[in-house]
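Those letters in the sequence shown? Residues 1 to 390, by full-length UniProt numbering.
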Amino acid sequence: MRPDRLFPLLPSYSSLKEYLSHPLLLACLLLLPGCLPLARFTQQPRAGNHAVDTFIRQQMKALGIPGLAVAVIKKGKRVKVSAYGSANLEWNRPVTVHTNFQIASCTKLLTSTLVLKAIYAGKLRLQDPVGRYLDSIPPSWQALRVEHLLSHSSGLREFQGNAYASTATVVRALKDSTLEYVPGTSQHYAQADFMLAGHILEKIYGKPFPQILREEVLLPLHMMDGAYDMEQRVGSFMRTDLIAQKVTTYYDWEKQLRAYKYLYPQYTYTAGGYFASIDDLANWAIGLDQNVLFPAAFARPLLYTRGLVGGKPSDFSAAGWALPEEQTSITYAGHSGGPGLGDVWRFPEEGYTVIVLTNDGELLPGLARAIAAFYVPGLTRAANIRKFER
1 MRPDRLFPLL PSYSSLKEYL SHPLLLACLL LLPGCLPLAR FTQQPRAGNH AVDTFIRQQM
61 KALGIPGLAV AVIKKGKRVK VSAYGSANLE WNRPVTVHTN FQIASCTKLL TSTLVLKAIY
121 AGKLRLQDPV GRYLDSIPPS WQALRVEHLL SHSSGLREFQ GNAYASTATV VRALKDSTLE
181 YVPGTSQHYA QADFMLAGHI LEKIYGKPFP QILREEVLLP LHMMDGAYDM EQRVGSFMRT
241 DLIAQKVTTY YDWEKQLRAY KYLYPQYTYT AGGYFASIDD LANWAIGLDQ NVLFPAAFAR
301 PLLYTRGLVG GKPSDFSAAG WALPEEQTSI TYAGHSGGPG LGDVWRFPEE GYTVIVLTND
361 GELLPGLARA IAAFYVPGLT RAANIRKFER
């Protein structure tokens with residue numbers, strides 16, 4: 001039944017997020033059977049831990065981070081969701097929990113989530129040869145499987161052509177290039193891996209990747225804030241979609257803070273380029289904890305197990321999550337992006353997820369790991385957090 005027929009007294013709204021924010025509708029929904037999961041997703045953040053707040057503000061001051069947002073989730077519950085600093089220095093707009101940050105390669109976590117859902121639904125297998133989903137493949141690709149794409153062990157070389165090329169053009173170029181090594185024998189982090197994995201998802205679902213991601217992951221997990229900006233060059237103009245509460249990203253150039261924007265070609269949207277709020281990513285973590293898309297027990301071995309690639313320990317799990325190299329008995333995995341724009345780590349045994357988003361384009365990953373040490377027993381804090389050195 002349409003919402004306007006179920007609640008005819010409410011005014012019309014232009015977006016689902018605006019509609020669901022109406023207090024009368026929320027009160028009615030909480031009285032309906034089966035609506036308690038929505039209440040868990042929309043619960044208000046708890047008061048932040050003073051020691052963590054102090055640490056974050058110290059790091060922001062020491063490193064010159066303009067704006068930051070953090071989420072700490074434990075077993076499907078919000079422990080901390082907080083915002084700090086400025087989203088836009090020109091207008092001095094504060095960061096909120098709904099501010100959308102460029103999460104860069106943390107986008108791969110969303111793509112990986114979609115892949116896991118497809119596997120659980122029987123639409124895809126990691127062991128499948130890529131030729132099963134592509135129209136034709138070169139002889140050197142006969143041994144190339146989906147698992148090689150996600151674990152960055154495919155041997156694919158990066159596409160070096162037009163940033164506004166179509167996905168079909170990029171796939172043809174990849175087929176025409178030689179592999180760097182035999183699939184599964186070595187490992188090299190490449191955006192082309194997730195680009196081709198996304199192309200396979202488009203073949204399976206018969207839709208553009210942003211639409212698949214929205215329908216299969218974002219909406220079911222109540223991730224209502226974020227989007228791709230769909231940047232395109234039209235003649236002498238640059239055209240982008242509007243994204244509410246989008247941050248400006250900054251970096252230091254010649255000892256002066258400057259705004260910048262990295263171009264994410266649309267054919268790489270499976271690998272990077274998504275804008276997300278800390279509220280959205282908190283809901284993503286909660287959804288994984290609460291088995292909304294697939295059982296956590298199904299996903300765990302694919303996310304946190306370190307296999308072998310070419311006889312050496314892999315840097316990535318079977319589902320494409322980064323596995324830290326540091327010597328620790330604590331299991332955790334996730335991804336960073338930017339550097340410094342996004343930092344996401346999940347600790348399955350302790351039940352924690354720690355997420356940090358910033359609009360500082362030079363911050364090296366490490367802040368989320370340092371904040372996690374306040375919560376995860378036995379996890380030591382890194383000695384220092386640094387910026388990229390030019």
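Glycine included, each C-beta is placed from N, C-alpha and C at the ideal position.
Since this is a predicted model, take the numbers as computed values, not measurements.
Separation of the CB atoms of Q187 and E158 is rounded to 15 angstroms, and the pair is thereby denied contact status at 8 angstroms. Classified as buried, N88 has 16 or more neighbouring CB atoms from the shown chains inside 10 Å of its CB. For W253, the enclosing beta strand (DSSP E) covers residues 249–253. Taking the Cα of T96 as reference, the smallest distance to any Cα among D229, I73, A244 is reached at A244. Using a Cβ distance threshold of 9 angstroms, L196 and L293 do not count as a contacting pair.
Annotation: the continuous beta strand (DSSP E) that includes K80 extends over 77–88.
Looking at the DSSP output, W345 bridges to G334, V354.
Two segments are said to touch when three or more pairs of C-beta atoms, one from each, lie closer than 8 angstroms; by this definition the segment 260–278 touches the segment 98–114. Between the alpha carbons of N92 and K123 lies a gap of roughly 47 angstroms. Look at L308 here: in three-state DSSP terms it is strand. The beta carbon of P377 is closer than 8 angstroms to those of E350 in its chain, skipping five residues each way along the sequence.
DSSP lists F101 as the bridge partner or partners of A276. Between the C-alpha atoms of Y205 and Y164 there is a straight-line separation of about 23 angstroms. In the DSSP secondary-structure assignment, M238 is bridged to R233. Contact between the segment 276–287 and the segment 73–83 is established, with three or more Cβ pairs separated by less than 8 angstroms. Residue environment: N291 is assigned as exposed (fewer than 16 neighbouring CB atoms within 10 Å of its CB, all protein chains considered). A51 is classed as exposed because its beta carbon has fewer than 16 other beta carbons within 10 Å across all chains shown.
Each residue's CA atom was taken as its position, placing S140 and V70 some 44 angstroms apart. Here G67 is bridged, per DSSP, to G85. Per the Cβ contact rule, the segment 57–70 is not in contact with the segment 226–240 (fewer than 3 Cβ pairs under 8 angstroms). Within the segment 141–216, complete alpha helix (DSSP H) segments of at least 4 residues are found at 146–150, 167–176, 191–205, 209–213, given in chain order. For Y260, the uninterrupted beta strand (DSSP E) segment begins and ends at 256–260.
Of T358, D315, T305, the smallest CA-CA separation from T331 is found for T305.
C-alpha of R258 to C-alpha of S136: approximately 46 angstroms in a straight line. In this model, T111 and T270 are separated by some 6 angstroms (Cα to Cα).
For A372, the enclosing alpha helix (DSSP H) stretches over residues 367–372.
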